[in-house]
Amino acid sequence: MDELIKLIKNTKNVIVFTGAGISKDSGIQTFRDTDGLWKDFDPNVYATYEGFMNNPEKVWRWYLYRYEKIKSANPNEGHYFVAKVEKYSQNFALITQNIDGLHTKAGSKNVIELHGNIHRVKCCACRNKFNTEDVNFSILPPLCECGGLLRPDVVWFGEALPYKELQLAFSYAGTAQLAIVIGTSCLVYPAAEVPFIVKRNGGAIIEINPEKTPLTDYADLHISKVDGNFYKEINNKLDL
Ligand SMILES: [Zn+2]
14 MDELIKLIKN
24 TKNVIVFTGA
34 GISKDSGIQT
44 FRDTDGLWKD
54 FDPNVYATYE
64 GFMNNPEKVW
74 RWYLYRYEKI
84 KSANPNEGHY
94 FVAKVEKYSQ
104 NFALITQNID
114 GLHTKAGSKN
124 VIELHGNIHR
134 VKCCACRNKF
144 NTEDVNFSIL
154 PPLCECGGLL
164 RPDVVWFGEA
174 LPYKELQLAF
184 SYAGTAQLAI
194 VIGTSCLVYP
204 AAEVPFIVKR
214 NGGAIIEINP
224 EKTPLTDYAD
234 LHISKVDGNF
244 YKEINNKLDL
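Quick note on numbering: the sequence shown equals residues 14 to 253 in this note's numbering.
In structure tokens form, the structure reads like this:
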């Protein structure tokens, strides 16, 4: 831990890269764990454009259930840790695969969301975006003013990541001297490319994850004992 604190305090260009694991302690289910969402729900049905078009009402019911859970969730010590790291580095980006918005709620500023955000919806026809909380869900599926279907503004399987966000993430990764990678299986590409870019450009990788991942062998440090106490302790030592 002391090594990690020293790096955080002394490195100018830092990125943090996060996945579903960081939100677990906030009560948000992950996808790929043994108790993850994809065990009970078929991603082909709930997380593809075809699945949505096939039964938009069913998919919306599932997203509204998750939206309500996420809306009432609070950030945990892990999210606050990431917000603290930002205060120490001169050039910082948080690149997240999460759609729950909890990093922003915890105070993170420069957040790049690679997989969208459940707090937004977009129109399948005119592409306009709206805040989820402003949408009338009394009739499912909800429709845009233009008559098009509204869908969650999240990236589904088989869909391209938002171009601007991905380019920005790769550009930060290219100059980062340190990447802290938290709670991601590093399996979903192209997002999973981010820490490897840092490594290829000579940056250091700190992986914080209870499980081993395809990244672990490339990490300079792998911290596997992760719980609320770990973050509480490290947050106490980061006084900014
Ligand atoms: Zn529209």
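For every residue, glycine included, the Cβ atom is placed at its ideal position computed from N, Cα and C. Note that this is a predicted model, so its numbers are computed, not measured.
Nearest to residue i by CA position, among the options, is which residue?
{"i": "Arg-157", "options": "Lys-135, Val-72, Asn-67", "result": "It should be pointed out that residue 157 corresponds to Cys in this sequence rather than to Arg. Among Lys-135, Val-72, Asn-67, the Cα nearest to that of Cys-157 is on Lys-135."}
{"i": "Ser-198", "options": "Asn-26, Asn-249, Leu-174, Glu-224", "result": "Glu-224"}
{"i": "Thr-188", "options": "Thr-43, Val-29, Asn-242", "result": "Val-29"}
{"i": "Thr-24", "options": "Ile-219, Lys-238, Gly-34", "result": "Ile-219"}
{"i": "Glu-246", "options": "Asp-113, Ala-217, Phe-94", "result": "Phe-94"}
{"i": "Lys-82", "options": "Thr-31, Gly-114, Val-27", "result": "Gly-114"}
{"i": "Gln-103", "options": "Glu-206, Tyr-185, Tyr-231, Val-194", "result": "Tyr-185"}
{"i": "Asn-214", "options": "Phe-183, Ile-41, Thr-109, Leu-77", "result": "Phe-183"}
{"i": "Trp-75", "options": "Phe-54, Ile-195, Asp-240, Glu-90", "result": "Phe-54"}
{"i": "Ile-195", "options": "Pro-203, Val-239, Pro-155", "result": "Val-239"}
{"i": "Tyr-108", "options": "Asp-15, Leu-20, Glu-172, Ala-205", "result": "Per the sequence shown, the amino acid found at residue 108 is Ile instead of Tyr. Cα-wise, what sits closest to Ile-108 is Ala-205."}
Flag residue i as yes when its Cβ comes closer than 6 Å to any non-hydrogen atom of ligand 1, and as no otherwise.
{"i": "Asn-57", "result": "no"}
{"i": "Cys-139", "result": "yes"}
{"i": "Gly-241", "result": "no"}
{"i": "Cys-199", "result": "no"}
{"i": "Gly-171", "result": "no"}
{"i": "Gly-161", "result": "yes"}
Keeping to the same chain, check which residues put their C-beta closer than 8 Å to that of residue i; ignore five residues upstream and five downstream.
{"i": "Leu-200", "result": "Arg-45, Thr-226, Pro-227"}
{"i": "Glu-178", "result": "Ile-125, Glu-126, Leu-127"}
{"i": "Thr-294", "result": "Residue 294 is absent from the model: the chain starts at 14 and stops at 253."}
Below 7 Å CB to CB, which residues in the same chain sit around residue i once its five sequence neighbours on both sides are set aside?
{"i": "Trp-169", "result": "Ala-60, Thr-61, Tyr-62"}
{"i": "Asn-144", "result": "His-132, Arg-133"}
Taking the Cβ atom as the reference point for each residue, do residue i and residue j lie within a distance shorter than 7 Å?
{"i": "Lys-37", "j": "Thr-43", "result": "yes"}
{"i": "Val-72", "j": "Leu-191", "result": "no"}
{"i": "Cys-139", "j": "Gly-161", "result": "yes"}
{"i": "Gly-40", "j": "Ala-106", "result": "no"}
{"i": "Gly-49", "j": "Val-58", "result": "no"}
{"i": "Ile-125", "j": "Leu-181", "result": "yes"}
{"i": "His-128", "j": "Gln-110", "result": "yes"}
{"i": "Leu-163", "j": "Glu-70", "result": "no"}
{"i": "Ile-112", "j": "Val-148", "result": "no"}
{"i": "Asp-230", "j": "Ala-217", "result": "no"}
{"i": "Lys-97", "j": "Leu-251", "result": "yes"}
{"i": "Tyr-202", "j": "Glu-90", "result": "no"}
{"i": "Tyr-101", "j": "Ile-221", "result": "no"}
Enumerate in chain order the residues of its own chain whose CB-to-CB distance from residue i is below 6 Å, with the five nearest sequence positions on each side excluded.
{"i": "Val-211", "result": "Ala-186, Ala-189, Ala-192"}
{"i": "Lys-84", "result": "none"}
{"i": "Ile-236", "result": "Ile-221"}
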